[in-house]
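Chains Z and L supply the protein sequences, listed in that same order. Numbering-wise, the first sequence is residues 20 to 107 according to my numbering. Numbering-wise, the second sequence is residues 374 to 728 according to my numbering.
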Amino acid sequence: MRIQVRRTGGFGGIQRRGEVDTSTRPDAHEWHALAERAVAAGHSAPSTGVPDGFHYEITVDGKTVHTADPRLTDDQRELISRVLKEGA
Amino acid sequence: MTTHGGFEPVFCTIVPPHVLDRLAQHEDPALAGPARETLERDAYERTHRRLTTVIGAPTLTAPVVSDKPQRTIYDAKHKQELPGKKVRAEGSDPGKDATVNRAFAGLGATFELYLNAFNRHSIDGEGLPLNASVHYDVKYDNAFWNGEQMVFGDGDGELFLDFTIPVDVIGHELTHGVTQYTANLTYFGQSGALNESISDVFGSLIKQYTLGQTATEADWLIGAGLLAPRVSGVALRSMKAPGTAYDDDALGKDPQPATMDDFVKTGSDNGGVHINSGIPNHAFYLVADALGGHAWEKAGQIWYDVLTGGELKKDALFTDFATLTVAAAKTRFGDGGEELQAVSKAWEQVGVPTS
């Protein structure tokens with residue numbers, strides 16, 4: 020499974036990306052479960068969000084969903100944080 | 374309002390504030406003069422009028438509002454729940470947490486500029502309490518306005534420091550609130566870039582007012598002091614020279630254009646709201662620079678008149694905003710004055726048509 024995260028917007032308007040390929044990871048099962056929950060709670064189109072809020076695109080095996088601060092689910096927050104940290 | 378002789382008493386009793394605002398900008402001095410005088414009266418007279426003349430018709434008068442801010446700072450304690458634990462309220466002494474104290478002071482500085490320069494009571498004009506949460510999330514590289522309050526992250530320490538450090542960042546977030554309560558510019562595309570630019574303009578003015586700086590003395594930077602020492606850059610944006618604030622391996626290069634020739638078309642960042650804001654930002658700088666002195670007195674007043682004048686549409690384009698600033702310069706400072714000339718010339722320089 021390929022999990023990609025793109026963060027845009029924010030006060031600085033500076034983009035960040037991360038990508039994790041779970042195929043060689045021992046904890047792949049855990050990643051898959053987290054990614055599926057995060058995607059299930061996402062939206063098919065981006066929202067306007069709040070002024071200066073971050074926007075996130077989560078792409079799992081080619082399927083992209085959108086979400087934005089401050090209304091992330093705990094799963095989305097964890098997935099985004101891990102992908103941007105480990106897959107930068 | 375059919376006879377000229379009755380203006381004073383009419384204004385004093387039943388004319389709603391928004392009508393007075395409009396009349397105060399009228400070309401006919403016979404209409405504008407009394408309206409302005411009425412708007413400028415002190416809190417005592419407002420109180421007196423309210424108590425003696427409008428009982429039974431409370432919606433027709435301005436509420437009595439305090440000239441003091443009502444600030445509360447919360448500590449989110451590195452979690453995402455808002456607002457978090459209340460850690461400082463109005464009247465309490467500074468505590469040990471510098472972040473809390475900076476946020477408190479920044480809210481006060483913002484309140485002061487809006488009150489003293491534009492006679493606006495807080496962000497809604499009616500004394501709305503100002504709430505902010507600090508220490509949001511862990512190493513959070515952002516600050517935002519959630520529609521009700523400000524939220525500040527600590528920064529990751531590697532690229533960004535504490536978001537309460539620059540007072541213009543605090544002013545920027547609060548100004549999103551002012552915009553929400555006034556023109557309510559849609560946060561997408563050109564209207565979104567105008568929304569962003571207005572927050573940068575008044576954020577910078579709050580810093581300049583706090584430091585007592587003239588347009589020449591000001592740095593015209595947004596977020597100076599926010600970037601960590603290892604980052605190659607001075608701030609996040611420059612109104613004086615858009616596109617030059619940073620150029621760094623990790624952050625990339627400041628993407629802001631200064632003129633319409635370099636307008637960026639993108640779907641990201643709500644259609645580039647933090648990118649194309651460089652164009653109206655630079656126009657404001659050019660006006661302020663041409664007029665000199667304290668930027669909030671003339672350039673800031675013109676921008677404020679447009680933001681609050683009721684004619685700026687939610688989905689305004691740069692040219693709509695620019696055209697209104699020309700009209701506001703004329704109404705406020707007269708036809709043929711240096712203000713009108715400076716405004717027209719600035720928009721011409723950044724490539725935005727004004728009619």
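Every residue, glycine too, gets a C-beta built ideally from N, C-alpha and C. Because the structure is a prediction, the values reported are computed rather than measured.
Which value, in whole angstroms, describes the spacing of the CA atoms of residue i and residue j?
| i | j | result |
| --- | --- | --- |
| L:Val-660 | Z:Lys-82 | 47 Å |
| L:Asn-568 | Z:Thr-67 | 13 Å |
| L:Pro-628 | L:Glu-711 | 32 Å |
| L:Ser-506 | L:Ala-608 | 23 Å |
| L:Phe-657 | L:Ser-611 | 12 Å |
| Z:Val-102 | L:Ala-700 | 50 Å |
| L:Ala-719 | L:Glu-684 | 21 Å |
| L:Ala-482 | L:Gly-544 | 8 Å |
| L:Leu-680 | L:Ser-605 | 35 Å |
| Z:Gln-95 | Z:Arg-25 | 13 Å |
| L:Tyr-447 | L:Trp-518 | 14 Å |
| L:Phe-616 | L:Gly-645 | In the sequence on display, residue 616 of chain L carries Gly and not Phe. When rounded, the distance between both Cα atoms is 14 Å. |
| L:Gly-527 | L:Gly-709 | It should be pointed out that residue 527 of chain L corresponds to Asp in this sequence rather than to Gly. Whole-angstrom Cα-Cα distance: 49 Å. |
| L:His-421 | L:Val-438 | Bear in mind that the predicted position of L:His-421 carries a pLDDT of just 48, short of 50, making it too unreliable to give a figure here. |
| Z:Gln-23 | L:Thr-587 | 47 Å |
| L:Thr-704 | L:Leu-697 | 10 Å |
| L:His-451 | Z:Leu-91 | 15 Å |
| Z:Arg-21 | Z:Val-58 | 13 Å |
| L:Thr-639 | L:Phe-706 | 38 Å |
| L:Pro-502 | L:Pro-442 | 7 Å |
| L:His-549 | Z:Ser-42 | 44 Å |
| L:Thr-692 | Z:Asp-40 | 47 Å |
| L:Val-427 | L:Leu-600 | Confidence in L:Val-427 is poor, its pLDDT being 48 and thus under 50, which makes the residue's placement unreliable; the coordinate value appears in the next sentence. For L:Val-427 and L:Leu-600, the distance between alpha carbons rounds to 53 Å. |
| L:Phe-575 | Z:Asp-46 | 49 Å |
| L:Ser-495 | L:Gln-522 | 13 Å |
| Z:Ala-64 | L:Ala-668 | 41 Å |
| L:Thr-589 | L:Leu-488 | 24 Å |
| L:Gly-665 | L:Val-460 | 41 Å |
| L:Phe-694 | L:Trp-676 | 9 Å |
In the DSSP output, what is residue i paired with across the bridge?
| i | result |
| --- | --- |
| L:Arg-444 | L:Leu-503 |
| L:Ala-462 | L:Thr-445 |
| L:Tyr-554 | None; L:Tyr-554 has no bridge partner. |
| Z:Gln-23 | Z:Glu-38, Z:Thr-78 |
| L:Tyr-619 | L:Gly-606 |
| L:Thr-727 | Looking at the DSSP assignment, L:Thr-727 forms no beta bridge with any residue, so it has no partner. |
| Z:Val-84 | Z:Ile-77 |
| L:Gly-625 | L:Asp-621 |
| L:Leu-697 | Partner(s): none; L:Leu-697 has no beta bridge. |
| L:Ser-611 | L:Leu-594 |
| Z:Gly-28 | Z:Phe-73 |
| Z:His-62 | Z:His-85 |
| L:Leu-600 | L:Phe-533 |
From the beta carbon of residue i, is the nearest beta carbon of chain Z less than 8 Å away?
| i | result |
| --- | --- |
| L:Ile-648 | yes |
| L:Gly-528 | no |
| L:Ala-516 | yes |
| L:Glu-670 | no |
| L:Asp-620 | no |
| L:Glu-370 | No information on residue 370 of chain L is available, as it lies outside the stretch 374 to 728 that chain L covers here. |
| L:Asn-519 | yes |
| L:Val-604 | no |
| L:Asn-492 | no |
| L:Glu-546 | yes |
| L:Ser-641 | yes |
| L:Asn-568 | yes |
| L:Leu-624 | yes |
| L:Leu-609 | yes |
| L:Val-437 | no |
| L:Val-637 | no |
| L:Val-540 | no |
| L:Val-524 | yes |
Nearest chain L C-beta to residue i closer than 8 Å, yes or no?
| i | result |
| --- | --- |
| Z:Pro-70 | yes |
| Z:Ile-99 | no |
| Z:Ile-22 | no |
| Z:Gln-34 | yes |
| Z:Thr-41 | no |
| Z:Thr-27 | yes |
| Z:Gly-31 | yes |
Every unbroken beta strand (DSSP E) within the segment 490 to 534 of chain L, with a cutoff of 3 residues, ordered by chain
Counting only runs of 3 or more, we get 503 to 509, 516 to 518, 523 to 526.
Residues from the segment 549 to 563 of chain L in contact with chain Z, defined by Cβ distance under 7 Å
His-549, Tyr-560, Phe-561: these are the residues of the segment 549 to 563 of chain L whose beta carbon lies less than 7 Å from some beta carbon of chain Z, given in chain order.
Whole runs of the alpha helix (DSSP H) within the segment 658 to 682 of chain L, excluding any shorter than 4 residues
Look at the segment 658 to 682 of chain L and you find these whole runs of alpha helix (DSSP H), each 4 residues long or longer: 672 to 681.
Against chain L: residues of the segment 62 to 90 of chain Z by CB proximity under 7 Å
Within the segment 62 to 90 of chain Z, the residues whose Cβ lies closer than 7 Å to some Cβ of chain L are Thr-67, Val-69, Pro-70, Asp-71, Gly-72, Phe-73, Asp-88, Pro-89, listed in chain order.
Give me the subset of the segment 440 to 455 of chain L whose CB atoms are less than 9 Å from a CB atom of chain Z, sorted by chain position.
For the segment 440 to 455 of chain L, the beta-carbon criterion of a distance under 9 Å to any beta-carbon of chain Z is satisfied by Gln-453, Leu-455.
Positions along the segment 570 to 585 of chain L whose CB lies within less than 8 Å of some CB in chain Z:
Answer in chain order: Ser-572.
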